[in-house]
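Here the sequence shown stands for residues 0 to 306, numbered as in numbering that gives the first Met the number 0.
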Amino acid sequence: MRRAALGAGSALLLLWPFLVPRYFVFLTSLVVVNAIVAIGLNLLSGYTNQLSFGHAGFFAVGAYVAAVLTLRAPGVPVVATLVLAGLATALVGLALGIPCLRLEGLYLAMATLAFGFVVVEAIQNLDWLTRGNDGVAVPTAHLGPLALASDAAKYYLVLGVGALMVAAAVNITRTRTGRALLAIRESEIAAQASGVHLAAYRTLAFAVSAFYTGVAGGLFAFVVGFISPDAFDVFLSVDFVAMIIIGGLGSIPGSVVGAAVITLLYDWLAAFQNYRPLLFGLILIGCMLFMPGGIASRMPKWTQQAQ
């Protein structure tokens, strides 16, 4: 059952650009980008109980690093650009995570929220580098001699990176590091008594989460082709948190499903622009009331092996 479902799903994803209109290919690329962010955020919040409302800031850092690097050094391969975007964002995550070690709950959420505002303000004021509020037109990504200009080419890039990130996250959760993170989630006191270095693992979770979000930000820049500070406001961070809550905290498959639900909801509610916040809020409340464990709690048992 599991192998058949995975095989059918993989075949569908590979054939997707040939089966649907271009817009749905673009929309699916956004779903995968958001899924990468949700997985990274879940590794932080779902596994170490560190709630972050600053991931829009990490997302922006990754997007602008990729955009500026492609503008200034067009010969750098897209894979190297994405890795550098992730590493740069991971360093920012370390810089934020270390001083936030003493913070928990609401105080940590407020600190990360402030970080998001700082990043947007920095982008607006460093106009010699980021072009400020005018935004940046992102050049076409290249994979060797191949220009990734079409929606289908961008989709396959995003899909390939997304598959690697999902596989890496699943492997992380099965290693000693993943078990340590799970121990922290269950009980910090018990984890510390078992020899888990809380500060080290919580900082590592911040860095890994930021790396995931930075790579996703770089992909986002290439997919949409234009970025500006307005795209990375605080409401985007709220959307990311909503993805992991709806999908299920501590669940990798749930992160993917939650990202798909939120991304598609925003698209479907676009026709009701004036009522979109109200409808979106009602849907979120309904999900939390009737599925407090997230969608992952209702998924088939074999999917839980990836959690």
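Using N, Cα and C, we set each Cβ at its ideal position, and we do this for glycine too.
For residue i, three-class secondary structure by DSSP
i           : result
residue 141 : strand
residue 52  : coil
residue 72  : coil
residue 119 : helix
residue 168 : helix
residue 248 : coil
residue 148 : coil
residue 19  : coil
residue 8   : helix
residue 301 : With a pLDDT of 45 at residue 301, under the threshold of 50, the predicted position of this residue should be treated as unreliable, though the coordinate-derived value follows. The answer is helix: DSSP assigns residue 301 an H, G or I state.
Span separating the alpha-carbon of residue i from that of residue j
i           : j           : result
residue 235 : residue 83  : 23 Å
residue 125 : residue 195 : 41 Å
residue 301 : residue 154 : Its pLDDT being 45, under 50, residue 301 is placed unreliably by the model, and nothing is read from it.
residue 183 : residue 46  : 7 Å
residue 238 : residue 232 : 10 Å
residue 240 : residue 289 : 18 Å
residue 179 : residue 123 : 39 Å
residue 86  : residue 80  : 10 Å
residue 75  : residue 297 : 44 Å
residue 17  : residue 37  : 27 Å
residue 116 : residue 200 : 26 Å
residue 70  : residue 224 : 12 Å
residue 185 : residue 191 : 11 Å
residue 109 : residue 256 : 27 Å
residue 248 : residue 171 : 16 Å
residue 27  : residue 149 : 14 Å
residue 64  : residue 189 : 40 Å
residue 287 : residue 134 : 36 Å
residue 228 : residue 271 : 25 Å
residue 264 : residue 142 : 32 Å
residue 273 : residue 284 : 19 Å
residue 269 : residue 276 : 10 Å
residue 145 : residue 15  : 20 Å
Beta carbon of residue i nearer than 7 Å to that of residue j
i           : j           : result
residue 207 : residue 42  : yes
residue 111 : residue 52  : yes
residue 251 : residue 160 : no
residue 35  : residue 215 : yes
residue 226 : residue 66  : yes
residue 258 : residue 242 : yes
residue 25  : residue 140 : no
residue 96  : residue 202 : yes
residue 32  : residue 219 : yes
residue 205 : residue 92  : yes
residue 147 : residue 156 : yes
residue 198 : residue 100 : yes
residue 260 : residue 244 : no
residue 213 : residue 61  : yes
residue 295 : residue 253 : yes
Residue burial classification, residue i (beta-carbon count within 10 angstroms, cutoff 16)
i           : result
residue 73  : exposed
residue 211 : buried
residue 291 : exposed
residue 49  : buried
residue 130 : buried
residue 174 : exposed
residue 29  : buried
residue 55  : buried
residue 19  : exposed
residue 68  : buried
residue 9   : exposed
Residue interval of the alpha helix (DSSP H) (run including residue i)
i           : result
residue 263 : 251-267
residue 209 : 197-223
residue 102 : No alpha helix (DSSP H) contains residue 102, which DSSP labels as neither H nor E.
residue 177 : 175-185
residue 297 : Counting along the chain, residue 297 falls outside any alpha helix (DSSP H), and DSSP gives it neither H nor E.
residue 275 : 275-289
residue 126 : 126-129
Heavy atom of the ligand MG within 6 Å of residue i beta-carbon
i           : result
residue 296 : Ligands are entirely absent from the displayed structure, and the ligand MG is therefore not among its contents.
Cβ of residue i within 7 Å of any chain B Cβ
i          : result
residue 92 : No chain B is present in this structure, which holds just one protein chain.
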